[in-house]
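**Student:** Mapped onto this note's numbering, the consecutive letters of the sequence shown carry residue numbers 1031 to 1389.
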Amino acid sequence: MLRLIFISSLVFFIYSCKKDKVSYTATPYDLNEPAHFPKMVIPENNPLTVEGVALGRRLFYEEKLSGDNTMNCASCHAPNAAFSDPNQFSTGIQGMQGSRNSMALVNLGYQNFFLWDGRAATLEEQILDPVSNPIELHEDWKNAVVELKNDIGYKNLFYKAFGEEDFDSSHVSMAIAQFLRTMISGESKYDIMYKFENGIELTASEEVIWQNISSEEWAGFDLFKSLNGADCIHCHSGPLAQVQKFSNNGLDGVFTDLGREAITGNVNDRGKFKVPTLRNIALTGPYMHDGRFATLDEVIDHYSSGIIQSPTLDPLIEFASQGGVQLDDFEKGLIKQFLNTLTDYNFINNPAFSDPNEE
């Protein structure tokens, strides 16, 4: 009898450790894109699904992806900082720091290249880097995948999302990429101002907000766009508040960080970095690729009078010969008020982007 009880218990234990009987039921995800945005181009080999997005959200907050199980993606892309890093440089699991500030994660599905130097051509490719990077999560991908496979819950989630029991790092990156593509910010005051100026119909709730946009915010917007004013529009335009290019914006004359040149080997790319979005800019300091500016005031001062000339300086910085656009204090205040209109409170408070472990 004791032997029979032992065998029954052993069989129960073995089967309880197996993957639940789940089916591959990938459900198309209904992506809610703002009407004034371009259509997001989603890779054919990684379509958005409800199951994939849910898995990606969980993995974004998963500490098993770090070498000592203490950090996750949100460690350097904090939700309370609009998914950016409030520190100048992020600190990895072994206490080491890089030399660049972590970019904010927003509207990534509309990007053509990734990271400050553009070395990643796809979002899926970009996601693979931080896990194995020795100054970030510093984990061997094989070890990370083994840990996930030892978790029955994850085995079920991966099968539901991809119909795959023997998943690998590519499935991890695809799931996180799906989640990140849903992180769309398009409901700020700036969006209402942009829609109004481009003859796009406002909703009833947007009409209410539009009526309360201050004259100073509108004046700041006009100054922002003016070629004889702040002259920001060359690099920060359209619904994304961003032009897809690399630019040397006059930070240095001698470069300790070569930027894009380190990837292309082309000396004409020296000191050029990806132009970031201005979305939620008031919440995503410090600023620039190396986080050298702690405040928006410092950023505005740079473009006003701090431009340093060099051979690869962006030619669209038209007032470089005089150090910048030479804004006075009143104009600087108007620009700052306008930049605050890019804060999207619906985005930063969206529960769909929060840690699922805290629900």
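We treat Cβ as the ideally placed atom computed from N, Cα and C, and that holds for glycine.
1. Alpha carbon to alpha carbon, how far is Tyr1091 from Cys1103?
2. Check each candidate in Trp1146, Ser1199, Met1133 and name the one with the smallest Cα separation from Lys1094.
3. Looking at the unbroken alpha helix (DSSP H) that takes in Ile1182, where does it start and where does it end?
4. Considering only residues of the same chain and omitting the five flanking positions on each side of Thr1343, which have a CB-CB separation below 7 Å?
5. In the structure shown, what three-state DSSP assignment does Leu1032 receive?
6. Check whether the Cβ atoms of Lys1225 and Thr1371 sit closer than 7 Å, and answer yes or no.
7. Taking the continuous alpha helix (DSSP H) assigned at Ile1347, which residues delimit it?
8. On a Cα-Cα basis, can you pick out the residue from Thr1055, Asn1376, Phe1383 that is closest to Gly1216?
9. In three-state DSSP terms, what is Ala1112?
10. Excluding the five sequence neighbours on either side, which residues of its own chain have a C-beta within less than 6 Å of the C-beta of Ile1330, listed in chain order?
11. Taking Gln1339 as part of the alpha helix (DSSP H), name the residues at either end of that continuous run.
12. What's the C-alpha gap between Val1355 and Lys1255?
13. Rounded to a whole number of angstroms, what is the C-alpha to C-alpha distance between Asn1258 and Leu1346?
14. Can you tell me which of the three DSSP states Ser1277 falls into?
15. Evaluate Glu1388 with the Cβ neighbour count: other Cβ atoms within 10 Å of its Cβ, from every protein chain shown; 16 or more gives buried, anything less gives exposed.
16. According to DSSP, which residues form a beta bridge with Gln1124?
17. Classify Leu1040: buried if its beta carbon has 16 or more other beta carbons within 10 angstroms, exposed otherwise.
18. Nearest-angstrom Cα distance between Asp1299 and Thr1121?
19. How about Ser1096 and Glu1169: are their beta carbons less than 7 Å apart?
20. Applying the 10 Å Cβ sphere with the 16-neighbour rule, what's the burial state of Asp1359?
21. Pick from Phe1197, Leu1357, Ala1134: whose alpha carbon is nearest that of Asp1327?
22. If we require 4 or more residues per run, which alpha helix (DSSP H) segments fall completely within the stretch 1043-1106?
23. Looking at Ser1203 and Ile1165, is the spacing between their C-beta atoms short of 7 Å?
**Tutor:** Result, derived from the coordinates:
1. 6 Å
2. Ser1199
3. 1182-1192
4. It should be noted that the sequence gives Leu, not Thr, for residue 1343. Taken in chain order, the residues that qualify are Asn1278, Gly1280, Ala1350.
5. Below a pLDDT of 50, predicted positions are generally treated as unreliable, and Leu1032, at 48, falls in that range; no measurement from the model is reported.
6. no
7. Judged by DSSP secondary structure, Ile1347 falls outside any alpha helix (DSSP H); it is assigned neither H nor E.
8. Asn1376
9. coil
10. Lys1362, Ile1365
11. First-last for Gln1339: undefined, no H or E at that position.
12. 13 Å
13. 12 Å
14. strand
15. exposed
16. Paired residue(s): none; Gln1124 is not in a bridge.
17. Model confidence at Leu1040 stands at a pLDDT of 47, short of 50, so the residue's coordinates are unreliable and nothing is read from them.
18. 28 Å
19. yes
20. exposed
21. Leu1357
22. 1080-1090
23. no
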